[in-house]
Amino acid sequence: MFARTLILIFTFFMCWATALQGQRAYVNTPSGIFELTGGIGSCTNIPLANECLPEPSTILSLAVFKDTIYYNTSLGQLKRFKIGVPGSCELLGQVGACNSMTIDKNGIVYLTDNRLIRFDPYTSQLTNLGTLPFGSAGDLFYFNDKLLLAGVPPGIYEIDVANPAASTLFMNTNNIRFFGLISLPESCNSIKYFGLAPAPGGTDVVELDLLTKTVVGTVCAIGLNVYDAASITETGVNTGIIVTAITPQQPCPPLTTGAVTINAISTVPGDLSFTLDGTITNETGIFNNIAPGSHSLRLHTTTGCTMDTVFNLAPGLNPAIGVVIDNPGNCDNNNGSVSLTGISIYGPLNYTHVNTNRSQGLGEFTGLSSGQQHFRITDAAGCSKDTAVTLTWDSRSFVNNVEIQESHCNLNNGHVKISVDSDVLGVTTSINNGGFTPALQHTGLTAGNYYLQVKSGSQCFYDTTIVVSNINDAKPAITLQATDQRCFVDNGIIQISATGLDNPYAYNVNNVGFSTKQLYNGLPPGNYVIEVRNRFDCQWDSFIVVAAYPRVPIQTAIQVKHPTCRGVTDGTLRVNVNGTEQPFSILVNGRRVSNNSTIDGLTEGDFIIHIENRDQCIVDSVKQSLAIVYEPQCNDVFIPTAFTPNDDGKNDVFRPAVSAFITNIEMSIFNRYGQKIYNGKGPSVAWDGNLEGTRQPPSVYVYMLRYTDYFGKPQMRKGTIVLIR
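Written as structure tokens, this is what we have:
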């Protein structure tokens, strides 16, 4: 769950080409991104452009690799942009909302949301490496090839990338909780390390000695509520100079020289300069009039940092172009062809028919009419050569048009369609020397050259070589949005949309089959592979994660009062739950009460106690049994010794007093002659002193009482009762 409000990016760039010189850092606040203009120990700042603006969501975490900033948003998106390069913003994919991020020396991104997640920007592969044994609401960076995390409880932890669950505490931080970790270049190959801790009125930048595992002290105070940090040396590597791009301009004949532009970053203060072949030095990184061959470049700063690299220049496209022509003929004026062959070490070559502005990767052009045909060949180095040929023809043909539909994405979905004069009969066609058929359309073609023949009877004949080109359709803008699992049931949701030129689009989620359905619900947590296909069957893959609802430990204490044999329903339960997902609710047999409330009116039996967290998710269930507590008075039977049936409402009947647990009661009354004058059964047996409506005289009578006691044992009591009138 995201709880950050402001974000600091500490990044030190010294030179980008020659534009970035001196030590720099960056912070992200609600007002935008700012550049820290001082060195170590200074927190002054000026505004800096975020090339991904407008940003519709909140930035959670950041990392820096060479001249590029990566950041993760509350919508789970991973983005990057080159510092100071307008239009360089890229959306890399959905990785989940993570509050810590760094990048290793190979450019691989690591993020945490109490899991350790790896994202490869080169392949877009997302991997969940495992769950961490502590909270990850801090930041990540590298130290001596160790991946470190500022976590909770406060401390710096060493992450075991192979087994995140085995990660351990690296050093104590004197109970300081760091919201950010930062490493700053100190010299050509040394680094200083800092933690960013919240403080009254802003954030303290605290120096850390990771070799001795001690907190050194505050070096700078920032007047912002900072919550994350990133720097150019967070990979744990400082080489002093970082080359971000070498762009050679190859010599294109008839020119005999080329040029090179080198872009680089210095990680320490000082001006950056460039030396070509040990002879020519400048501060622009741009060198012209360079002869073909291998060349050396040395990059060096005024503070003594150096780096060496090499590049090669070689001539581009050979001006000698091979041309083979086939004039249109055999009754037609549009079955001519031209085959061009260019030579260059910088492939692939691109061939353009200038007349129609048609470009392709092969030099074979067919379906050409008579006249001058202009062509241009261009290689991958940007060298080009123009040439022209003239085609001639003799007579009109019955074939009006040969329509070629390119294949898409290297599939067999190209086709050729032949149109002929409406008054021509008996037309048959053949492709690649197959049998002649009346079909005027051939489908299911892959990219390549095809020999097409068209006949009208036996007099007029048309043949040509056609080229079915391949088009790699533009990838649509794919938007994926996941709603994570809630309450441990399969209720995740994935929303998919694709926007592009080749509608309609179809979608396949985890290989269940393509459809135009865009909303998938009732999903279990996990990784989902999303395939998107356009109307030409071109296909692109993406992925998204439906995160599992977190199972957070709780502590449950249950106070029990068992029901008594006297009260029967006077049992109670009191459940107290401790955990981080307050408030909790308690459900017992359909009754819902707040945490630590008493549930009364309970009798003997088994009760299932459900515990709901603040999201009304059942996070635990406990079975609790209640049993009747025996008390001696629950087995009591009291028999009076006399009664006065005189209808005064007082003591008018002879009735034994029994507890509710006495059952199977039967009472008989005998007079002094042994005659049974009363017999009754049930819990309300009573004699009113009469026999068949006749009052019995005052006397001593004998009673016999049979019953089953509290413990289920049969009992019998006998005695006398005095009837007084």
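Counting in the numbering used here, the sequence shown runs from 88 upward without gaps.
Backbone N, C-alpha and C fix where the C-beta goes; we use that ideal spot for every residue, glycine too.
Residue range of the unbroken beta strand (DSSP E) whose run includes L198: As a first step, residue 198 is located in the sequence shown; it is residue number 111 there, counting from the start. Where L198 is concerned, the enclosing beta strand (DSSP E) stretches over V196 to T199.
For G448, the nearest candidate out of P435, M188, H440 and N442 (CA to CA): The count along the sequence shown starts at 1 and reaches residue 448 at position 361. It is P435 whose Cα lies nearest to the Cα of G448.
The ligand FMN heavy atom lying under 7 Å from the CB of C652: With respect to small molecules bound, the structure shown includes none, and the ligand FMN cannot be examined in it.
Segment contact, 8 Å Cβ cut-off, at least three pairs: the region 369-378 with the region 167-186: no
Cutoff 6 Å; reference S446; Cβ partners in own chain excluding five residues on either side: Numbered from its first residue, the sequence shown carries residue 446 at position 359. Once the five neighbours on either side are set aside, the close Cβ partners of S446 are N437 and T439.
Which residues DSSP lists as bridging F206, in chain order: Residue 206 sits at position 119 when you count from the first residue of the sequence shown. For F206, which the question treats as bridged, DSSP gives the partners V196 and L213.
A729 versus D775, F623 and S494, residue with shortest Cα-Cα distance: Within the sequence shown, the letter at position 642 stands for residue 729. That would be D775, whose Cα lies nearest to the Cα of A729.
Inter-residue spacing [alpha-carbon to alpha-carbon] between R463 and V196: In the sequence shown, the residue the question calls residue 463 occupies position 376. In the sequence shown, the residue the question calls residue 196 occupies position 109. So the two alpha carbons sit approximately 43 Å from each other.
Start and end residues, beta strand (DSSP E) containing D473: By one-based count along the sequence shown, residue 473 stands at place 386. Here the beta strand (DSSP E) through D473 covers S471 to L478.
Enclosing beta strand (DSSP E) for V514 [first to last residue]: Here residue 514 is taken as the residue at index 427 of the sequence shown, counted from 1. Unbroken beta strand (DSSP E) run through V514: V514 to I518.
Contacting residues, own chain, Cβ-Cβ under 7 Å from T231 (five flanking each side not counted): As a first step, residue 231 must be located in the sequence shown, where it is residue number 144. A small correction: the amino acid at residue 231 is Asn; Thr does not occupy that position in the sequence shown. Excluding sequence neighbours, N231 sits near G323.
Where L359 falls: helix, strand or coil (DSSP): Along the sequence shown, read from residue 1 onward, the residue named residue 359 stands at position 272. Three-state result, L359: strand.
At least three beta-carbon pairs within less than 8 Å, the region 356-365 to the region 380-392: yes
Beta strand (DSSP E) runs wholly inside the region 732-767, at least 3 long, in chain order: 750-757
Separation of S684 from L810, as counted between CA atoms: Against the sequence shown, residue 810 aligns to sequence position 723. Against the sequence shown, residue 684 aligns to sequence position 597. Those two C-alpha atoms are separated by around 55 Å.
Contiguous beta strand (DSSP E) assignments of at least 3 residues, all confined to the region 770-811: 786-795 and 801-810
For I558 and H495, believed in contact at Cβ under 8 Å, the rounded distance: In the sequence shown, residue 495 corresponds to position 408, counting from 1. In the sequence shown, residue 558 corresponds to position 471, counting from 1. Sure, about 5 Å apart at Cβ, within 8 Å.
Classification of P732 by the beta-carbon crowding that lies within 10 angstroms, buried from 16 upward: Residue 732 sits at position 645 when you count from the first residue of the sequence shown. Buried: at least 16 other Cβ atoms inside 10 Å.
Three-way DSSP call (helix, strand, coil) for Q108 in this model: Taking the first residue of the sequence shown as position 1, residue 108 is located at position 21. Confidence at Q108 is low in this model, with a pLDDT of 43, below 50, so the placement of that residue is unreliable and no value is reported for it.
Exposure label - V253; buried when at least 16 CB within 10 Å: Translated into positions along the sequence shown, residue 253 becomes position 166. Strictly speaking, residue 253 in this sequence is Ala, with Val absent from that position. The residue in question, A253, is exposed, as its Cβ has fewer than 16 Cβ neighbours within 10 Å.
For L29, the nearest candidate out of N115, G125 and G242 (CA to CA): Outside the shown range of the chain, which is 88 to 812, sits residue 29, and nothing can be said about it.
Same chain, Cβ closer than 6 Å to M803, five either side skipped, listed in chain order: Residue numbering aside, residue 803 sits at position 716 when the sequence shown is read from its first letter. Taken in chain order, the residues that qualify are R793.
C-alpha gap between D481 and F548, whole angstroms: Start at 1 with the first residue of the sequence shown, and residue 481 comes out as number 394. Start at 1 with the first residue of the sequence shown, and residue 548 comes out as number 461. Annotation note: pLDDT 49 at D481 (below 50); position unreliable, no value reported.
Residue interval of the beta strand (DSSP E) (run including H440): Counted from its first residue, the sequence shown places residue 440 at position 353. From DSSP, the beta strand (DSSP E) with H440 extends over N437 to H440.
Three-way DSSP call (helix, strand, coil) for C139 in this model: For the purposes of this step, residue 139 is identified with residue 52 of the sequence shown, where counting begins at 1. The answer is coil: DSSP assigns C139 none of H, G, I, E or B.
Paired residues, beta bridge with F230 - DSSP: One-based indexing of the sequence shown puts residue 230 at position 143. For F230, which the question treats as bridged, DSSP gives the partners K233.
The region 651-663 in contact with the region 629-639 per 3-pair CB rule at 8 Å: no
Sequence-distant residues of the same chain with beta carbon closer than 8 Å to C574, five excluded per side: On the sequence shown, residue 574 is found 487 positions in, with the first residue counted as 1. The residues are Y636, D702, Q703, C704 and I705.
Collapsed DSSP secondary structure at P285 in the structure displayed: In the sequence shown, counting from the first residue as 1, residue 285 sits at position 198. Three-state DSSP puts P285 in a strand.
Buried/exposed call for S318, threshold 16 Cβ in 10 Å: Reading the sequence shown from its first residue, position 231 is the one you call residue 318. When all chains shown are included, S318 counts as buried.
Contact under 8 Å by Cβ, S556 with E490: As a working note, residue 556 is residue 469 in the sequence shown. As a working note, residue 490 is residue 403 in the sequence shown. Not in contact: S556 and E490 (Cβ atoms no closer than 8 Å).
Identified DSSP bridge partners for Y636: Working through the sequence shown from its first residue, we reach residue 636 at position 549. Looking at the DSSP assignment, Y636 forms no beta bridge with any residue, so it has no partner.
Validate contact between the region 202-210 and the region 334-354 using beta carbons, cut 8 Å, 3 pairs: no
Which listed residue (N590, T586, F485 and A564) has its alpha carbon closest to that of D550: Along the sequence shown, one-based indexing puts residue 550 at 463. That would be F485, whose Cα lies nearest to the Cα of D550.
Integer Cβ distance of G267 from Y314, believed to fall under 8 Å: Locating residue 267 in the sequence shown gives position 180, counting from the first residue. Locating residue 314 in the sequence shown gives position 227, counting from the first residue. About 7 Å separates the two Cβ atoms, so the contact holds.
Residues near L539 by beta carbon distance below 6 Å, same chain, minus five either side: To locate residue 539, count along the sequence shown from 1; it is residue 452. The answer, listed in chain order, is I518, T551 and I553.
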